[in-house]
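Chains as they are written, first to last, in my numbering: chain E, 260 to 477; chain Y, 260 to 477; chain P, 260 to 477; chain A, 260 to 477.
Virtual Cβ for every residue (Gly too), placed ideally from N, Cα, C.
Step one of this worksheet: look at the structure below.
Number of protein chains: 4
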Amino acid sequence: MSIPPGSTPPDELQRGLAFERVAFFSDAVFAIAITLLIIDVRVPALPDDATADQLLKALGATVPAVFAYALSFTTIGLYWLSHWRRYRLIARVDERVVGLNLVLLGLVAFIPFPTSVIGEHGDLVPAVVLYAFAQAAAGIAGTLTWIDLWRRGLTVPGLSETEARLTALRGFSVPVVMLGTLPLLPILGTSAVETSWLLLFPVQLLLNRMVRRRGRSP
Amino acid sequence: MSIPPGSTPPDELQRGLAFERVAFFSDAVFAIAITLLIIDVRVPALPDDATADQLLKALGATVPAVFAYALSFTTIGLYWLSHWRRYRLIARVDERVVGLNLVLLGLVAFIPFPTSVIGEHGDLVPAVVLYAFAQAAAGIAGTLTWIDLWRRGLTVPGLSETEARLTALRGFSVPVVMLGTLPLLPILGTSAVETSWLLLFPVQLLLNRMVRRRGRSP
Amino acid sequence: MSIPPGSTPPDELQRGLAFERVAFFSDAVFAIAITLLIIDVRVPALPDDATADQLLKALGATVPAVFAYALSFTTIGLYWLSHWRRYRLIARVDERVVGLNLVLLGLVAFIPFPTSVIGEHGDLVPAVVLYAFAQAAAGIAGTLTWIDLWRRGLTVPGLSETEARLTALRGFSVPVVMLGTLPLLPILGTSAVETSWLLLFPVQLLLNRMVRRRGRSP
Amino acid sequence: MSIPPGSTPPDELQRGLAFERVAFFSDAVFAIAITLLIIDVRVPALPDDATADQLLKALGATVPAVFAYALSFTTIGLYWLSHWRRYRLIARVDERVVGLNLVLLGLVAFIPFPTSVIGEHGDLVPAVVLYAFAQAAAGIAGTLTWIDLWRRGLTVPGLSETEARLTALRGFSVPVVMLGTLPLLPILGTSAVETSWLLLFPVQLLLNRMVRRRGRSP
Chain E
260 MSIPPGSTPP DELQRGLAFE RVAFFSDAVF AIAITLLIID VRVPALPDDA TADQLLKALG
320 ATVPAVFAYA LSFTTIGLYW LSHWRRYRLI ARVDERVVGL NLVLLGLVAF IPFPTSVIGE
380 HGDLVPAVVL YAFAQAAAGI AGTLTWIDLW RRGLTVPGLS ETEARLTALR GFSVPVVMLG
440 TLPLLPILGT SAVETSWLLL FPVQLLLNRM VRRRGRSP
Chain Y
260 MSIPPGSTPP DELQRGLAFE RVAFFSDAVF AIAITLLIID VRVPALPDDA TADQLLKALG
320 ATVPAVFAYA LSFTTIGLYW LSHWRRYRLI ARVDERVVGL NLVLLGLVAF IPFPTSVIGE
380 HGDLVPAVVL YAFAQAAAGI AGTLTWIDLW RRGLTVPGLS ETEARLTALR GFSVPVVMLG
440 TLPLLPILGT SAVETSWLLL FPVQLLLNRM VRRRGRSP
Chain P
260 MSIPPGSTPP DELQRGLAFE RVAFFSDAVF AIAITLLIID VRVPALPDDA TADQLLKALG
320 ATVPAVFAYA LSFTTIGLYW LSHWRRYRLI ARVDERVVGL NLVLLGLVAF IPFPTSVIGE
380 HGDLVPAVVL YAFAQAAAGI AGTLTWIDLW RRGLTVPGLS ETEARLTALR GFSVPVVMLG
440 TLPLLPILGT SAVETSWLLL FPVQLLLNRM VRRRGRSP
Chain A
260 MSIPPGSTPP DELQRGLAFE RVAFFSDAVF AIAITLLIID VRVPALPDDA TADQLLKALG
320 ATVPAVFAYA LSFTTIGLYW LSHWRRYRLI ARVDERVVGL NLVLLGLVAF IPFPTSVIGE
380 HGDLVPAVVL YAFAQAAAGI AGTLTWIDLW RRGLTVPGLS ETEARLTALR GFSVPVVMLG
440 TLPLLPILGT SAVETSWLLL FPVQLLLNRM VRRRGRSP
């Protein structure tokens with residue numbers, strides 16, 4: 260049977276497309292999860308003749324939800340950044356990678372739920388614990404996928420073991436901060452633990468500096 | 260009329276883009292449908308002075324919705340995986356393929372509705388039946404599209420009949436499990452049938468093994 | 260200043276990317292608009308001890324919303340198909356094209372609103388009129404963008420005037436059916452007019468056949 | 260270790276993909292933010308036996324929300340247009356660019372919240388101030404990212420300083436109009452200020468003309 264005209268060159272292009280689709284499908288899930296977060300920032304229904312003061316007060320009441328939005332936007336953003344960074348170092352994907360990637364995406368797409376819970380009940384311990392575990396799960400899944408890929412030789416040729424380890428390490432910043440601060444919950448209370456999550460930023464910067472120093476030199 | 264500068268090379272690139280757009284538009288619909296699922300996992304409104312116990316109980320009440328989320332994430336993920344796998348074996352698309360693909364996407368984008376119903380009323384027979392039929396419809400549409408593509412010679416040159424058949428078969432794992440367990444509904448009840456849907460995982464793995472064995476050897 | 264390594268080849272690739280981004284951004288908006296439609300198909304809140312009969316009845320009450328979903332999925336799908344078809348015939352884009360495209364996308368992204376209105380109040384004249392005008396606006400905007408592109412010579416070199424006209428014509432199927440059936444509203448009533456919109460399918464097939472016959476021969 | 264077959268050519272293609280993913284992830288966030296806006300245009304629940312008059316009145320009450328939709332669709336559309344335009348002039352991206360881009364996306368994805376507030380409480384001063392600041396923040400973040408890129412030499416080789424400055428300038432149209440009209444709020448009131456935001460269109464066209472004149476000639 261002859262192939263009719265109008266076709267895309269098979270083989271090479273197909274493979275490239277298959278690889279790209281994994282990346283772009285992941286991008287889409289990350290992008291939707293990150294953008295859906297804003298849906299939970301809502302001003303409660305006010306009377307039709309509400310005054311500016313009432314609106315101001317209602318807006319003030321959304322501050323915890325806005326904090327939750329900013330926090331989850333940051334963590335999902337960091338997860339996407341890790342994903343992006345890793346796919347620069349991956350030479351090819353197989354069905355197992357795609358399957359593990361789906362597990363990761365399922366955990367990322369779950370994050371809007373604990374975000375909504377902590378935005379509304381951030382003063383209650385179960386909300387904080389659920390949030391920390393959900394975030395950590397996504398971070399750990401991403402790192403495990405990377406380790407699996409690397410062990411099975413699917414990464415780009417020149418990648419050194421040090422670089423591979425540091426890449427794994429960077430993905431751990433969110434789980435480390437989230438789970439590391441949980442034991443302080445009974446001592447410090449919910450607000451202090453949630454504030455301590457801002458440690459994400461210095462921890463991330465520290466890891467970046469470490470990677471740059473070690474990954475480049477020897 | 261001369262074509263002004265600044266253009267994209269037509270023909271070849273256009274064709275590649277047309278092919279890619281079908282894949283990426285599909286990816287986007289899959290990604291949105293899969294990520295929207297979490298919207299239905301909601302903690303009901305609690306009083307402003309809710310205690311940790313009340314929140315825990317409310318979170319416990321979301322377990323069926325979380326199960327529905329995980330289940331539908333898995334099935335839509337498998338449908339995407341089938342789509343991804345098939346587009347590696349397709350050499351070109353025409354308007355009929357694109358039209359059939361739209362029908363498939365319409366059925367996939369419908370899934371969040373039965374998911375929401377089963378998450379809330381999973382103990383009632385109509386919820387289970389609706390869910391099983393909606394899922395099966397998407398799976399069958401995907402397989403029929405593939406069969407049509409293959410029959411009209413739009414697949415890549417070297418594809419053997421065995422491979423084409425096995426590819427068709429794999430897409431059937433969800434419909435087979437969903438429809439196959441429905442007759443047990445009056446005997447076993449809703450919970451048992453829903454639990455039996457976890458058979459998806461062993462069935463999928465079995466099909467994968469079959470495909471690998473037969474697809475490679477002769 | 261020298262360009263550091265690690266860069267993407269500029270010029271050619273940039274142009275290709277700029278073109279692709281317009282297509283993919285459009286794809287994303289179409290995909291989201293089409294997938295968001297399902298959000299409005301909801302079973303109303305039932306009591307905790309609802310029976311199967313109550314659920315069946317509630318599901319029955321969602322039939323108009325499901326019809327609205329299917330209808331708008333079809334029209335947005337056809338708009339996407341037109342977009343996809345046209346971009347195969349476009350050689351390049353400039354800022355004016357991108358601006359007009361944004362207007363089109365704004366009208367497409369608006370469609371979930373009238374869809375939600377007609378899904379809930381399909382028996383009332385204002386819902387039908389709003390829906391028909393919103394749909395027609397998106398269809399007309401797409402066709403006008405195409406005509407503008409073609410008049411300014413941004414289409415691919417070999418495109419004949421007949422083909423360009425037929426491409427314009429095909430985009431009109433939705434507006435023609437929607438606006439053409441509106442005058443019958445006072446005579447036939449809302450249900451008959453909404454049912455008559457199923458004419459979309461034969462009209463679309465007819466246009467396709469016309470295009471194939473005329474576009475190919477002379 | 261030998262690389263198994265089935266891989267994507269690393270290096271070159273990887274870099275291109277890394278660059279593209281930043282653009283497409285951004286496209287997806289823009290597309291979702293812009294399409295989610297319609298979710299807040301809702302007809303309030305009407306009685307089951309509502310008349311056409313009641314529906315018309317309810318539709319009339321959505322006009323402010325539709326105005327808010329159109330306004331935010333325009334501004335996010337302009338932000339996307341700026342993003343698109345800038346990425347045509349960027350030669351490569353590094354992690355800092357990607358990080359700054361995430362900040363921009365976080366501000367863009369935030370816009371649906373103030374849009375929803377102004378759609379419902381557009382007659383109250385805090386709604387107008389919040390909206391103007393949120394919009395301005397996104398516009399300023401985009402421009403700052405561009406300036407940073409340009410200063411660090413990541414733009415395409417031939418880019419003149421004039422062109423770079425004008426590109427920066429164009430992104431400012433929304434912040435200038437939004438913040439520039441705020442001081443008039445106590446004098447003119449909310450409706451007049453909101454109407455004045457339609458100045459966006461002439462300001463944008465003016466900037467476009469300036470850029471075309473200066474950017475091309477010397």
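Tell me whether residue i sits in a helix, a strand or coil according to DSSP, three-state version.
{"i": "Ile349/A", "result": "strand"}
{"i": "Thr321/E", "result": "coil"}
{"i": "Asp382/A", "result": "coil"}
{"i": "Gly448/E", "result": "coil"}
{"i": "Ser375/E", "result": "helix"}
{"i": "Phe392/Y", "result": "helix"}
{"i": "Phe460/E", "result": "helix"}
{"i": "Ser419/A", "result": "coil"}
{"i": "Asp307/Y", "result": "coil"}
{"i": "Val288/Y", "result": "helix"}
{"i": "Val436/P", "result": "helix"}
{"i": "Phe278/A", "result": "helix"}
{"i": "Val302/A", "result": "coil"}
{"i": "Pro264/Y", "result": "Any reading at Pro264/Y needs caution, since the residue's pLDDT is 36, under 50, leaving its predicted position unreliable; the model's value is listed next. Coil, per DSSP."}
{"i": "Gly430/A", "result": "coil"}
{"i": "Pro269/A", "result": "Confidence in Pro269/A is poor, its pLDDT being 42 and thus under 50, which makes the residue's placement too unreliable to answer from."}
{"i": "Leu370/Y", "result": "Residue 370/Y is actually Ile in this sequence, not Leu. Of the three classes helix, strand and coil, the one that applies to Ile370/Y here is coil, per DSSP."}
Name the one or two DSSP bridge partners that residue i has.
{"i": "Thr414/Y", "result": "Ile349/Y"}
Here's the rule: buried if 16 or more other CB atoms are within 10 angstroms of the residue's CB, otherwise exposed. What is residue i?
{"i": "Asp308/E", "result": "exposed"}
{"i": "Glu279/A", "result": "buried"}
{"i": "Gly336/Y", "result": "buried"}
{"i": "Asp270/P", "result": "Caution is warranted here: a pLDDT of 49 is assigned to Asp270/P, below 50, making its placement in the model unreliable, and the coordinate value is therefore given only provisionally. Its Cβ having fewer than 16 others within 10 Å, Asp270/P is exposed."}
{"i": "Thr310/E", "result": "exposed"}
{"i": "Ile291/P", "result": "buried"}
{"i": "Phe460/A", "result": "exposed"}
{"i": "Ala287/P", "result": "buried"}
{"i": "Val322/A", "result": "exposed"}
{"i": "Leu464/E", "result": "exposed"}
{"i": "Ala320/P", "result": "exposed"}
{"i": "Ala391/E", "result": "buried"}
{"i": "Pro268/E", "result": "For Pro268/E, the predicted model reports a pLDDT of 40, less than 50, meaning its position is unreliable and no value from the coordinates is stated."}
{"i": "Pro263/Y", "result": "Confidence at Pro263/Y is low in this model, with a pLDDT of 37, below 50, so the placement of that residue should be treated as unreliable; the coordinate-derived value is given next. Exposed: under 16 other Cβ atoms inside 10 Å."}
{"i": "Leu361/A", "result": "buried"}
{"i": "Leu443/E", "result": "exposed"}
{"i": "Ala451/A", "result": "exposed"}
So, at 8 Å on beta carbons, what are the nonlocal neighbours of residue i in its own chain, with the 5 sequence-adjacent residues on each side left out?
{"i": "Asp407/A", "result": "Arg355, Val356 and Leu359"}
{"i": "Leu418/P", "result": "Leu348 and Trp409"}
{"i": "Thr374/Y", "result": "Leu296, Asp299, Ala327, Tyr328, Leu330, Ser331 and Tyr390"}
{"i": "Arg344/Y", "result": "Thr426 and Arg429"}
For residue i, which residues from the same chain have a beta carbon less than 7 Å from its beta carbon, with the 5 sequence-adjacent residues on both sides left out?
{"i": "Val470/A", "result": "Leu425 and Arg429"}
{"i": "Ala317/P", "result": "Val302, Pro303 and Leu305"}
{"i": "Val325/E", "result": "Val300"}
{"i": "Ser341/Y", "result": "Gly401, Arg429 and Gly430"}
{"i": "Ile293/E", "result": "Phe332, Ile335 and Gly336"}
{"i": "Gly275/A", "result": "none"}
{"i": "Gly398/Y", "result": "Tyr338, Gly430, Phe431, Val433 and Pro434"}
Excluding five sequence neighbours on each side, which residues of the same chain lie with their C-beta closer than 6 Å to the C-beta of residue i?
{"i": "Ala282/A", "result": "Tyr346"}
{"i": "Arg351/Y", "result": "Leu413"}
{"i": "Leu441/Y", "result": "Ala391"}
Using 8 Å as the Cβ pair cut-off and three pairs as the minimum, do the stretch 286-301 of chain P and the stretch 366-378 of chain Y touch? yes
Just checking, does the stretch 420-432 of chain E make contact with the stretch 381-393 of chain E on the three C-beta pairs under 8 Å criterion? no
Would you call the stretch 330-347 of chain P and the stretch 396-416 of chain Y touching, i.e. three or more CB-CB distances under 8 Å? no
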